Amino acid sequence: MFAYMNNRFASKKAHMLAQRLFMRNLKRSYLEHINLSLDRIRDTIMVKSGGVTESLNALLNLFAELSVMLLLYGVLVYTNWKMTFVLTFILALQVFFITKYMSRFIQNKGSIVNDSNAKSLKILSKFFGNFKFTKLKDNHEEAYQAFSQNSLNNAKAITTYNTLQAIPNRF
4 MFAYMNNRFA SKKAHMLAQR LFMRNLKRSY LEHINLSLDR IRDTIMVKSG
54 GVTESLNALL NLFAELSVML LLYGVLVYTN WKMTFVLTFI LALQVFFITK
104 YMSRFIQNKG SIVNDSNAKS LKILSKFFGN FKFTKLKDNH EEAYQAFSQN
154 SLNNAKAITT YNTLQAIPNR F
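Under the working numbering, think of the first position of the sequence shown as 4, with each following residue one higher.
Laid out in structure tokens, this is it:
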């Protein structure tokens, strides 16, 4: 449950940041737009918004899990080191089997994330590649809705993907 809530929080923050960056770039004047490359806009919206949030999330998870693991393992070794090593072997086998069978589900969600990212890049290319037409048609809302829905689907798939990846750690 902790992994789900943590991943949901991080994914929603990435989604909200991507939406704000998308709209800010969409509302730029044409002169500002021609001075920026489309690749830079894409990179800012897609990669950096998610990367910052995921990096922070990973760092916090690493510190939390490492401290708990070391404390519990130290107490177990101190209490009964023989039994601790036997249980370590048994748990390693369980994690191996869980990881083996969960990998199919994780790969499925990973492909959904990749497809969603590809759709987001197409949306970015469509509206920022033809920025003159976007400004002339004044279809900011259409662009925003298309990007927002795809970004939300991506955030949901990432939440499930990251939660499934954390399940072997919890067991």
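Just so you know, even glycine gets a beta-carbon here, dropped at the ideal spot from N, CA and C. Values in this document were obtained by computation on a predicted structure and should not be read as measured data.
I need the DSSP call for Arg45, collapsed to helix, strand or coil.
As a position in the sequence shown, residue 45 is number 42, starting the count at 1. Helix.
Beta carbon of Thr56 nearer than 7 Å to that of Lys16:
Reading the sequence shown from its first residue, position 53 is the one you call residue 56. Reading the sequence shown from its first residue, position 13 is the one you call residue 16. Yes, the pair counts as a contact, with Cβ atoms nearer than the cut-off.
Tell me which same chain residues have a C-beta within less than 6 Å of the C-beta of Thr163, skipping the five on either side of it?
Position 160 of the sequence shown, counting from 1, holds the residue named residue 163. These residues qualify, in order along the chain: Lys112.
Out of curiosity, what's the CA-to-CA distance linking Tyr147 and Met26?
By 1-based counting over the sequence shown, the position of residue 147 is 144. By 1-based counting over the sequence shown, the position of residue 26 is 23. Each residue's CA atom was taken as its position, placing Tyr147 and Met26 some 7 Å apart.
Going by other Cβ atoms of all chains shown within 10 Å of its Cβ, with 16 needed for buried, is Ser119 buried or exposed?
In the sequence shown, residue 119 corresponds to position 116, counting from 1. Around the beta carbon of Ser119, 16 or more other beta carbons lie within 10 angstroms, which makes this residue buried.
Are Ala21 and Ser106 close, meaning C-beta to C-beta below 7 Å?
On the sequence shown, position 18 is the one that residue 21 refers to. On the sequence shown, position 103 is the one that residue 106 refers to. Contact flag unset, no.
Check whether the stretch 32 to 50 and the stretch 132 to 141 are in contact - that is, three or more C-beta pairs closer than 8 Å.
Yes: at least three Cβ pairs fall under 8 Å.
What does the alpha-carbon distance come out to for the pair Ser32 and Leu167?
As a working note, residue 32 is residue 29 in the sequence shown. As a working note, residue 167 is residue 164 in the sequence shown. Taking C-alpha positions only, Ser32 is separated from Leu167 by approximately 43 Å.
Can you give me the Cβ contacts of Ala13 inside the same chain, cut-off strictly under 7 Å, excluding the 5 residues immediately before and after it?
Counting from one through the sequence shown, the residue named residue 13 turns up at place 10. Shown here for Ala13: same chain residues with a beta carbon closer than 7 Å to its own, the five before and five after excluded, namely Thr56, Glu57 and Asn60 in chain order.
Is it buried or exposed for Met86, if we count other Cβ within 10 angstroms and need 16 for buried?
Translated into positions along the sequence shown, residue 86 becomes position 83. Within a 10 Å sphere around the beta-carbon of Met86 sit fewer than 16 other beta-carbons, which makes this residue exposed.
First through last residue of the alpha helix (DSSP H) which encompasses Val116
Translated into positions along the sequence shown, residue 116 becomes position 113. First-last of the alpha helix (DSSP H) with Val116: Trp84 to Gly132.
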